[in-house]
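A quick write-up on the structure given underneath.
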Amino acid sequence: MGCSVLVVDDETEFARDLSGQLRSFGHSVDIAYGGAEALDMLKQREYDVALVDMLMQQMDGMQTVRGIRKMSPLVEVIVLTGHASITSGIEIMKLGAFDYLLKPCSIEFLSRKIDEACEKREMALQRAGRVK
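Numbered according to our numbering, the sequence shown terminates at residue 134, and the numbering increases by one at each position without gaps.
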């Protein structure tokens, strides 16, 4: 099941590697190298899933998720972090994120989570009368 994915991470090499791996699982992937760029890209195109890094320089993951939820409430958000905490996990989930994952995680696991998020989004679109 190929989903459209926006990878949001200011670590260039990680974002490129992750994108290539996700493409090998059949996903269509674009990269935003920060939260502000991600929000600009969401004005141009709708994505099924946004993979958002928690720790970024200009706009952190929390601010980015807030912006995505406000701009595109049906985009499913999966937050990736190398420094998980219960507090930030709870806050992210309260903002409506689909999941909060510790990196590194296997690409198979992440691709499965993306597929699950896409299924959830598709059901939400059907309920809203917006069939994909």
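Note that beta-carbon positions come from the ideal geometry of N, C-alpha and C, so glycine has one too.
Other residues of its chain near residue i: CB distance less than 8 angstroms, five sequence neighbours each side excluded
{"i": "Ser30", "result": "Gly4, Cys5, Ser6 and Val7"}
{"i": "Cys120", "result": "Met3, Cys5, Asp50, Val51 and Glu78"}
Extent of the continuous beta strand (DSSP E) to which residue i belongs
{"i": "Asp101", "result": "Asp101 to Leu104"}
{"i": "Leu82", "result": "Glu78 to Thr83"}
CB contact flag (residue i, residue j, <7 angstroms)
{"i": "Tyr49", "j": "Asp12", "result": "no"}
{"i": "Ile80", "j": "Phe100", "result": "yes"}
{"i": "Leu27", "j": "Ser108", "result": "In the sequence on display, residue 27 carries Phe and not Leu. No, the Cβ-Cβ distance between Phe27 and Ser108 is not below 7 angstroms."}
Contact belief for residue i with residue j at Cβ below 8 angstroms, rounded distance in angstroms
{"i": "Leu53", "j": "Leu82", "result": "6 angstroms"}
{"i": "Gly69", "j": "Leu41", "result": "5 angstroms"}
{"i": "Ala126", "j": "Leu76", "result": "5 angstroms"}
Run of the alpha helix (DSSP H) containing residue i, from where it starts to where it stops
{"i": "Asp19", "result": "Thr14 to Ser26"}
Where residue i falls, given that 16 or more other Cβ within 10 Å makes a residue buried
{"i": "Met73", "result": "exposed"}
{"i": "Ala130", "result": "exposed"}
{"i": "Asp19", "result": "exposed"}
Cβ shell of residue i (< 7 angstroms), same chain only, five flanking positions each side left out
{"i": "Arg71", "result": "Leu97 and Gly98"}
{"i": "Met43", "result": "Leu8, Asp32 and Ala34"}
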